[in-house]
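Colleague: Dropping a structure here in structure tokens format, bear with me for questions.
Residue numbers (the numbering used here): 201 to 368.
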């Protein structure tokens, strides 16, 4: 499948979609590395309650919140500091979730009040400056970011550079 990059420039933010991408840990990391990440809210869907992700989160002393529609399958939302993002993300990918939702938080003190908000709502309300939605089953990464925080042309050029260097 050929990779397709599309963009929409809105008044306050920019949306970029990368379709046809193999959503491996390495490819997700390359996209995230473009941005200045501090603390993220990471939501991992379709996890088994016995997932190894919870062992890692507990070992790292990270707080997480579970939501569930089913007794065995849960969605976990966790606040992750920048130095642990890739460790947690890599462990999450091993569990083969359908989707990952990543929001770069501006103020981490209120994260528990925000965990039920959608990544797009966090961005629109000013609690986040970047949202990344990884849809592994659709082979798609959606980015939405505040124009005043990240330069649209720089971000797009970096994505294209990764693509042209066969980084995807």
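Here a beta-carbon is modelled for each residue, glycine too, at the ideal position from N, C-alpha and C.
In chain order, what residues of the same chain have a beta carbon less than 6 Å from the beta carbon of residue 216, not counting five sequence neighbours either side?
Modeller: Excluding positions up to five away in sequence, the list reads 207, 343.
Colleague: Please specify which runs of the beta strand (DSSP E), each continuous and at least 3 residues long, are wholly inside the segment 262-350, giving them in chain order.
Modeller: List check, beta strand (DSSP E) in window: 264-268, 273-281, 299-305, 328-335, 340-346.
Colleague: With distances taken between CB atoms, is the gap from residue 264 to residue 276 smaller than 9 Å?
Modeller: A contact, by the Cβ cut-off of 9 Å.
Colleague: Would you call residue 291 buried or exposed, if buried means 16 or more other Cβ atoms sit within 10 Å of its Cβ?
Modeller: Per the 10 Å Cβ criterion, buried.
Colleague: Applying the criterion that 16 or more other CB atoms from any shown protein chain within 10 Å of the CB defines a buried residue, is residue 273 buried or exposed?
Modeller: Answer is exposed; the Cβ neighbour count stays below 16.
Colleague: When the Cα atoms are used, what is the spatial distance from residue 214 to residue 202?
Modeller: Distance between the alpha carbons of residue 214 and residue 202: 23 Å.
Colleague: Do you know whose CA, among 335, 304, 309, 334, lies nearest residue 322's CA?
Modeller: The shortest Cα separation from residue 322 among 335, 304, 309, 334 belongs to 304.
Colleague: Quick one: what does DSSP say residue 229 is sitting in, helix, strand or coil?
Modeller: Three-state result, residue 229: helix.
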